[in-house]
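Data first, discussion second: the structure below is written as structure tokens.
Protein chains: 2
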Amino acid sequence: MLNNENSCALPHKHAENEYKVINDMPSDDTIRSVSGILKQLGDPSRLKIFWLLCHCEECVINIAAITNMTSPAVSHHLRLLKSSGLITSRREGKEMYYKAADTEMANSLHLTIESIADISCPN
Amino acid sequence: MLNNENSCALPHKHAENEYKVINDMPSDDTIRSVSGILKQLGDPSRLKIFWLLCHCEECVINIAAITNMTSPAVSHHLRLLKSSGLITSRREGKEMYYKAADTEMANSLHLTIESIADISCPN
DNA sequence: AAAACAATTTAAAGATTATTTAATTGTTAA
DNA sequence: TTAACAATTAAATAATCTTTAAATTGTTTT
Numbered sequence: 000m001l002n003n004e005n006s007c008a009l010p011h012k013h014a015e016n017e018y019k020v021i022n023d024m025p026s027d028d029t030i031r032s033v034s035g036i037l038k039q040l041g042d043p044s045r046l047k048i049f050w051l052l053c054h055c056e057e058c059v060i061n062i063a064a065i066t067n068m069t070s071p072a073v074s075h076h077l078r079l080l081k082s083s084g085l086i087t088s089r090r091e092g093k094e095m096y097y098k099a100a101d102t103e104m105a106n107s108l109h110l111t112i113e114s115i116a117d118i119s120c121p122n
Numbered sequence: 000m001l002n003n004e005n006s007c008a009l010p011h012k013h014a015e016n017e018y019k020v021i022n023d024m025p026s027d028d029t030i031r032s033v034s035g036i037l038k039q040l041g042d043p044s045r046l047k048i049f050w051l052l053c054h055c056e057e058c059v060i061n062i063a064a065i066t067n068m069t070s071p072a073v074s075h076h077l078r079l080l081k082s083s084g085l086i087t088s089r090r091e092g093k094e095m096y097y098k099a100a101d102t103e104m105a106n107s108l109h110l111t112i113e114s115i116a117d118i119s120c121p122n
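Taken in sequence, the protein lines are chains V and C.
Counting in numbering that gives the first Met the number 0, the first sequence runs from 0 upward without gaps.
Counting in numbering that gives the first Met the number 0, the second sequence runs from 0 upward without gaps.
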């Protein structure tokens with residue numbers, strides 16, 4: 000058993016619970032997965048797009064117009080958001096419509112965003 | 000009044016509520032602020048450090064040992080987390096001790112992280 | 001005061017990511 | 001089937017960020 004109180008792998012011994020904490024630590028895969036999701040919304044352009052798509056369904060050129068970005072840039076971010084499972088798309092004629100995914104993850108992140116906005120910018 | 004139903008600034012008119020949504024859109028400052036916070040935890044190294052510091056107080060070399068990083072790298076990430084207000088520090092002798100800030104923001108983000116981990120990695 | 005330890009800073013390298021422009025694909029309407 | 005519009009892709013550039021190695025600062029102990 001590694002990282003227990005006897006093997007004493009840590010340079011210093013401080014807290015009593017620190018080896019228990021290390022044992023409960025999320026795996027690298029979990030860390031990567033969670034940070035991968037949060038990274039999506041850590042970019043202001045994508046956060047703006049995601050917020051918008053939480054509130055209405057829109058086509059690419061409208062998203063570009065609303066967010067002051069070019070279509071290719073929007074397309075790039077939409078692709079990332081979609082492959083993270085945060086948004087979905089459908090085609091109708093010439094246009095692609097995007098909206099926030101109807102999932103626990105997307106809904107939960109939407110709430111988190113509003114909450115952070117309230118806490119950090121209490122206007 | 001810009002972006003109302005008459006000025007018709009959008010290339011296409013789709014949803015009925017889209018101009019209402021645009022009017023309610025968070026300011027660029029708010030978007031930057033929220034994405035700035037989320038970006039902190041969008042990096043796997045910082046997420047790991049923050050998770051650890053949500054569960055115990057630790058000194059820099061222990062954090063480095065636990066996360067398999069060098070001290071300078073840890074120091075760099077600690078500085079970013081601290082200037083975002085997510086962690087605090089205190090000196091005791093030669094060592095600097097870090098832990099998660101006791102704020103609504105830090106607590107809320109901790110819950111969000113655990114929630115995302117549960118949703119995306121249901122082990 | 002010197003030596004040892006802990007942490008930070010700096011500068012540079014390496015890696016990743018965002019944006020732009022141009023070209024291309026897909027769909028509809030003339 | 002050609003023209004027009006919407007969206008994506010590709011290549012290149014620009015910008016940002018992470019990590020490393022070396023040097024420096026701060027604190028304690030001998």
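Ideal Cβ placement from N, Cα and C applies to all residues, glycine included.
For clarity, every value in this text was computed on a predicted model and none was experimentally measured.
Going along the chain, which residues of its own chain have a beta-carbon closer than 6 angstroms to the beta-carbon of aspartate 101 of chain V, five neighbours each way excluded? none
Return the chain-ordered list of same chain residues with a C-beta closer than 8 angstroms to the C-beta of threonine 69 of chain C, the five sequence neighbours on each side being excluded. Ala63
Specify the secondary structure class of cysteine 55 of chain C as computed by DSSP and reduced to three states. coil
Which residues bound the alpha helix (DSSP H) around methionine 104 of chain V? Run containing methionine 104 of chain V: 103–119, per the alpha helix (DSSP H) assignment.
In whole angstroms, give me the CA-to-CA distance for isoleucine 112 of chain C and lysine 19 of chain C. 32 angstroms
Which residues in the same chain as proline 10 of chain C place their Cβ atom closer than 8 angstroms to its Cβ, once the five residues preceding and following it in sequence are excluded? If you ignore the 5 residues before and after proline 10 of chain C, its C-beta comes within less than 8 angstroms of no other C-beta in its own chain.
By the 10 Å Cβ neighbour count, where 16 or more other Cβ atoms means buried, how is serine 34 of chain C classified, buried or exposed? With 16 or more Cβ atoms within 10 Å of its Cβ, serine 34 of chain C is classed as buried.
Any Cβ of chain V within less than 8 angstroms of the Cβ of proline 107 of chain C? Per the sequence presented here, residue 107 of chain C reads as serine, with proline not at that position. It does; some Cβ of chain V falls within 8 angstroms.
Could you work out which residues of chain C lie near serine 32 of chain V, taking near to mean beta carbons separated by less than 9 angstroms? Ile115, Ala116, Ser119 and Cys120
In this structure, how does DSSP classify glutamate 15 of chain V when only helix, strand and coil are distinguished? coil
Establish whether the CB of asparagine 61 of chain V and some CB of chain C are separated by less than 8 angstroms. yes
Provide the residue span of the beta strand (DSSP E) that contains threonine 69 of chain V, from first to last. From DSSP, threonine 69 of chain V is part of no beta strand (DSSP E); its letter is neither H nor E.
Distance, isoleucine 21 of chain V Cα to isoleucine 65 of chain C Cα: 7 angstroms
Taking its Cβ as the centre, do 16 or more other Cβ atoms sit within 10 Å of glutamate 103 of chain V, making it buried, or is it exposed? exposed
Do the stretch 40–53 of chain V and the stretch 89–100 of chain V make contact, defined as three or more Cβ pairs closer than 8 angstroms? yes
Which class does alanine 99 of chain V belong to by DSSP, given the choice of helix, strand or coil? strand
Between serine 114 of chain V and the rest of its own chain, which residues show a CB-CB distance below 7 angstroms, the 5 nearest in sequence each way excluded? none
May I have the straight-line CA-CA distance separating glycine 41 of chain V from asparagine 16 of chain V, to the nearest angstrom? 32 angstroms
Is cysteine 58 of chain V a contact residue of the ligand FMN, with contact defined as CB to any heavy atom under 7 angstroms? As far as ligands go, the structure on display features none, and thus does not contain the ligand FMN.
CA-CA distance, glutamine 39 of chain V and valine 73 of chain V? Looking at the backbone, the Cα of glutamine 39 of chain V and that of valine 73 of chain V are separated by about 13 angstroms.
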